[in-house]
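Engineer: Numbering follows my numbering, in which position 273 of the sequence shown is assigned residue number 278; successive positions increment by one, without gaps. Before we start, here is the structure in question, set down as structure tokens.
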Amino acid sequence: MKRFLILFILSIFYQNYSYSQVDFKEYLEGATVNDIVSDGASLWFSTYSHGIFQYLPGEDKWKNYSTKAGNLDNDLFYCIAASKDFVWAGTSDGLFIFDRKRNQWRKRKFAVGGEFGNWIRSLKYDPAQNILWIGRFRNITRLNVARQRFDDFDLTLNNDPKTNTFKVIKLEGSKYVWFGTEAGAYRYEKSKSLNDKSSLQFFSNKSAGFKGAGEFVSITDMLFDANSIWFGTDEFVSKENPDFNLGGVYKFNRRATWEKIDQMNGLAGNGIYALEKSGNYIWAGIYTFNKKEKKEYGRGLALIERNNNKVIKINPDDIRLASNSILALYFDGNSIWIGTDNGLWRVEIMNPMAKWAGKKSSVKK
């Protein structure tokens, strides 16, 4: 894996910018890293095997919360969010809350939504409003952190339960919150009440979105740039349902035009685990779904150039990976953190182009 990442990153950046440098480090060997977030001072990692980790960059120190460490009674976490006062982590059996001032964990379960209502699949903290958004298998929950008040919302649309099953939550600037479901994505206007139907706009393949592809569009991740919204989607197909979830990366120009990037464009698979942005590139964790075995197989990393949708290819026969399942990606401004089902890697890209926000560059190729 180390050799793959170094060669891969070098091949991309050295071919364009001769002064690029790459530094590589490996952490959390054997851990299944599902989510990565920052609280502004440190990074937090949720794993489905080794509990929760905090990394303090200034001190280059790690802290683990787990059954092995004796400070947490669960090791299986799907997602994580953090503020300066709290850390929240999602499990299949409720929400774990860490009060950082008291150095104490507690667990919160939800009565509404039944058993599956306690499967927490996505979390997003909005520091501007001091709100935590909680995406559950059933219902979305809003936590007013200051008041410690939880409000549940059933967003089922047209009697389709998949429109109320949440997989990812993202903030777009100061105006919108996006909720990705197993049937499309909601855009919520924060200035309005969530009970107000005009506050929500739903994007799906049933309403001219996502190029009308497949029976359903299950959203796994979202990214925003000045001109476009990028959606990662699930692949889930079988001989009985060959068009159920076709997968791929979708690029929406915020008006009416949708573009699709998948195996036809050079991706190694149609399933998307995670997306991240650095400079002029979209990073994607790729998988493919085997129809016969009905199982996911990781297909490593891909890079997509934001301006022209060009996929930067790697030949999987040239380099064998220790893990092809890239489950989480996070860019901290200098490094790409890569969470897999077998550990965590940090690739530091010391290149001014890595921070390019889409403006015309003065750097000559």
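Even glycine gets a Cβ: it sits at the ideal position worked out from N, Cα and C. What you are looking at is a predicted structure, and each value in this text was computed from that prediction instead of being measured.
Taking the straight line between their C-alpha atoms, what separation do you get for residue 346 and residue 95?
Structural biologist: Position 341 of the sequence shown, counted from the start, is the residue given in the question as residue 346. Position 90 of the sequence shown, counted from the start, is the residue given in the question as residue 95. Straight-line Cα distance between these residues: approximately 18 angstroms.
Engineer: To the nearest angstrom, how far is the alpha carbon of residue 130 from that of residue 262?
Structural biologist: Here residue 130 refers to the residue found at position 125 of the sequence shown. Here residue 262 refers to the residue found at position 257 of the sequence shown. For residue 130 and residue 262, the distance between alpha carbons rounds to 30 angstroms.
Engineer: Please specify which runs of the beta strand (DSSP E), each continuous and at least 3 residues long, are wholly inside the segment 81 to 115, giving them in chain order.
Structural biologist: Listed in chain order, the complete beta strand (DSSP E) runs (minimum 3 residues) inside the segment 81 to 115 are 84 to 87, 91 to 96, 99 to 104, 109 to 113.
Engineer: Applying the 10 Å Cβ sphere with the 16-neighbour rule, what's the burial state of residue 1?
Structural biologist: The chain is shown from 6 up to 370; residue 1 falls before or after that span and cannot be answered.
Engineer: Exposed or buried, which one is residue 304 when buried takes at least 16 other CB atoms within 10 Å?
Structural biologist: Here residue 304 refers to the residue found at position 299 when the sequence shown is read from its first residue. With 16 or more Cβ atoms within 10 Å of its Cβ, residue 304 is classed as buried.
Engineer: In this structure, what does DSSP give as the bridge partners for residue 271?
Structural biologist: As a position in the sequence shown, residue 271 is number 266, starting the count at 1. None, per the DSSP bridge assignment.
Engineer: So, are the CB atoms of residue 218 and residue 265 less than 8 angstroms apart?
Structural biologist: Reading the sequence shown from its first residue, position 213 is the one you call residue 218. Reading the sequence shown from its first residue, position 260 is the one you call residue 265. Contact flag set, yes.
Engineer: So, are the CB atoms of residue 294 and residue 215 less than 8 angstroms apart?
Structural biologist: Counted from its first residue, the sequence shown places residue 294 at position 289. Counted from its first residue, the sequence shown places residue 215 at position 210. No, these two residues do not count as a Cβ contact at 8 angstroms.
Engineer: Please classify residue 40 as buried or exposed, where buried requires at least 16 neighbouring CB atoms within 10 angstroms.
Structural biologist: Translated into the one-based positions of the sequence shown, residue 40 becomes position 35. That one is buried.
Engineer: Just to confirm the assignment: which complete alpha helix (DSSP H) runs, minimum length 4, are found wholly within the segment 35 to 86?
Structural biologist: Here no run is fully enclosed.
Engineer: Assuming contact is defined by CB atoms lying nearer than 8 angstroms, are residue 74 and residue 44 in contact in what I supplied?
Structural biologist: What you label residue 74 is simply residue 69 of the sequence shown in a count that begins at 1. What you label residue 44 is simply residue 39 of the sequence shown in a count that begins at 1. The answer is no: Cβ separation not under 8 angstroms.
Engineer: Considering only the beta carbon of each residue, do residue 334 and residue 33 sit closer than 8 angstroms?
Structural biologist: Taking the sequence shown and counting its residues from 1, the one referred to as residue 334 is at position 329. Taking the sequence shown and counting its residues from 1, the one referred to as residue 33 is at position 28. Not closer than 8 angstroms, so no.
Engineer: Residues in the same chain with beta-carbon distance under 6 angstroms from residue 208, minus the five sequence neighbours each way, listed in chain order, please.
Structural biologist: To locate residue 208, count along the sequence shown from 1; it is residue 203. Only 189, 190, 214 meet the Cβ criterion.
Engineer: Which value, in whole angstroms, describes the spacing of the CA atoms of residue 132 and residue 298?
Structural biologist: Taking the sequence shown and counting its residues from 1, the one referred to as residue 132 is at position 127. Taking the sequence shown and counting its residues from 1, the one referred to as residue 298 is at position 293. Looking at the two C-alpha atoms, the distance is approximately 43 angstroms.
Engineer: Contact between the segment 148 to 156 and the segment 179 to 189 is defined here as three or more beta-carbon pairs at a separation below 8 angstroms; is this criterion met?
Structural biologist: Taking 8 angstroms as the limit for Cβ pairs, the verdict is that the segment 179 to 189 does not touch the segment 148 to 156.
Engineer: How should residue 300 be labelled, buried or exposed, when 16 other C-beta atoms within 10 angstroms of its C-beta is the threshold for buried?
Structural biologist: Translated into positions along the sequence shown, residue 300 becomes position 295. Result: exposed.
Engineer: What does DSSP give as the partner residue(s) for residue 146 in the beta ladder?
Structural biologist: Within the sequence shown, the letter at position 141 stands for residue 146. Note: residue 146 sits in a beta bridge opposite 139, 157.
Engineer: What is the rounded straight-line gap between the Cα of residue 85 and the Cα of residue 309?
Structural biologist: Position 80 of the sequence shown holds residue 85. Position 304 of the sequence shown holds residue 309. One C-alpha to the other measures close to 26 angstroms.
Engineer: Is residue 252 helix, strand or coil when you go by DSSP?
Structural biologist: One-based indexing of the sequence shown puts residue 252 at position 247. Strand, per DSSP.
Engineer: Quick check: the Cα distance between residue 36 and residue 53, rounded to an integer number of angstroms?
Structural biologist: By 1-based counting over the sequence shown, the position of residue 36 is 31. By 1-based counting over the sequence shown, the position of residue 53 is 48. So the two alpha carbons sit approximately 7 angstroms from each other.
Engineer: Compute the distance between the beta-carbons of residue 279 and residue 290, then report whether it is under 8 angstroms.
Structural biologist: In the sequence shown, the residue the question calls residue 279 occupies position 274. In the sequence shown, the residue the question calls residue 290 occupies position 285. Yes, the pair counts as a contact, with Cβ atoms nearer than the cut-off.
Engineer: Look at the Cβ atom of residue 174, then the Cβ atom of residue 243, and state whether they are nearer than 8 angstroms.
Structural biologist: Locating residue 174 in the sequence shown gives position 169, where the first residue counts as 1. Locating residue 243 in the sequence shown gives position 238, where the first residue counts as 1. No; because the gap between Cβ atoms is not below 8 angstroms, this pair is not in contact.
Engineer: Let me check one thing: in DSSP terms, what residues is residue 300 bridge-paired to?
Structural biologist: Taking the sequence shown and counting its residues from 1, the one referred to as residue 300 is at position 295. DSSP, once it has assigned bridges, lists 295 as partnering residue 300.
Engineer: Going by the DSSP bridge assignment, what does residue 412 pair with across the sheet?
Structural biologist: Nothing about residue 412 can be reported from this structure: the residues present for the chain run from 6 to 370 only.
Engineer: My guess is that residue 341 and residue 245 are in contact by the Cβ rule of under 8 angstroms, so how many angstroms apart are they, rounded?
Structural biologist: Locating residue 341 in the sequence shown gives position 336, where the first residue counts as 1. Locating residue 245 in the sequence shown gives position 240, where the first residue counts as 1. Incorrect: roughly 38 angstroms between the Cβ atoms, too far for contact.
Engineer: By how many angstroms is the C-alpha of residue 67 removed from the C-alpha of residue 344?
Structural biologist: Mapped onto the sequence shown, residue 344 falls at position 339. Mapped onto the sequence shown, residue 67 falls at position 62. Taking the straight line from one Cα to the other gives about 16 angstroms.
Engineer: Can you list, in chain order, the residues of its chain with a C-beta nearer than 6 angstroms to that of residue 258? Leave out the 5 residues immediately preceding and following it.
Structural biologist: As a first step, residue 258 is located in the sequence shown; it is residue number 253 there, counting from the start. Same-chain partners within the cutoff: 233.
Engineer: Can you give me the C-alpha to C-alpha distance between residue 158 and residue 269, rounded to a whole angstrom?
Structural biologist: Residue numbering aside, residue 158 sits at position 153 when the sequence shown is read from its first letter. Residue numbering aside, residue 269 sits at position 264 when the sequence shown is read from its first letter. Each residue's alpha carbon lies about 39 angstroms from the other.
Engineer: Which term fits residue 252, buried or exposed, when burial requires 16 or more other beta carbons within 10 angstroms of its beta carbon?
Structural biologist: Counted from its first residue, the sequence shown places residue 252 at position 247. With 16 or more other Cβ atoms within 10 Å, it is buried.
Engineer: Measuring only the C-alpha atoms, how far is residue 321 from residue 336?
Structural biologist: Residue 321 sits at position 316 when you count from the first residue of the sequence shown. Residue 336 sits at position 331 when you count from the first residue of the sequence shown. Only weak support exists for where residue 321 lies, its pLDDT of 45 falling under 50; the value from the coordinates is given anyway. Going from the Cα of residue 321 to the Cα of residue 336 covers about 24 angstroms.
Engineer: State yes or no: is the C-beta of residue 172 within less than 8 angstroms of the C-beta of residue 223?
Structural biologist: Here residue 172 corresponds to residue number 167 of the sequence shown, with the count starting at 1. Here residue 223 corresponds to residue number 218 of the sequence shown, with the count starting at 1. A contact, by the Cβ cut-off of 8 angstroms.
Engineer: As a quick exercise: from 228, 163, 167, pick the residue whose alpha carbon is nearest that of residue 140.
Structural biologist: Taking the sequence shown and counting its residues from 1, one reaches residue 140 at position 135. Taking only the C-alpha atoms, the option nearest residue 140 is 167.
Engineer: Give the DSSP-derived three-state secondary structure of residue 244 in the structure shown.
Structural biologist: Here residue 244 refers to the residue found at position 239 when the sequence shown is read from its first residue. Three-state result, residue 244: coil.
Engineer: Helix, strand or coil: which one does DSSP assign to residue 204?
Structural biologist: For this step, residue 204 is matched to residue 199 along the sequence shown. If DSSP states are grouped into helix, strand and coil, residue 204 belongs with the helices.
Engineer: Could you check where the beta strand (DSSP E) with residue 260 kicks off and where it finishes?
Structural biologist: Your numbering for residue 260 matches position 255 in the sequence shown. Residue 260 -> no beta strand (DSSP E), and no H or E assigned at all.
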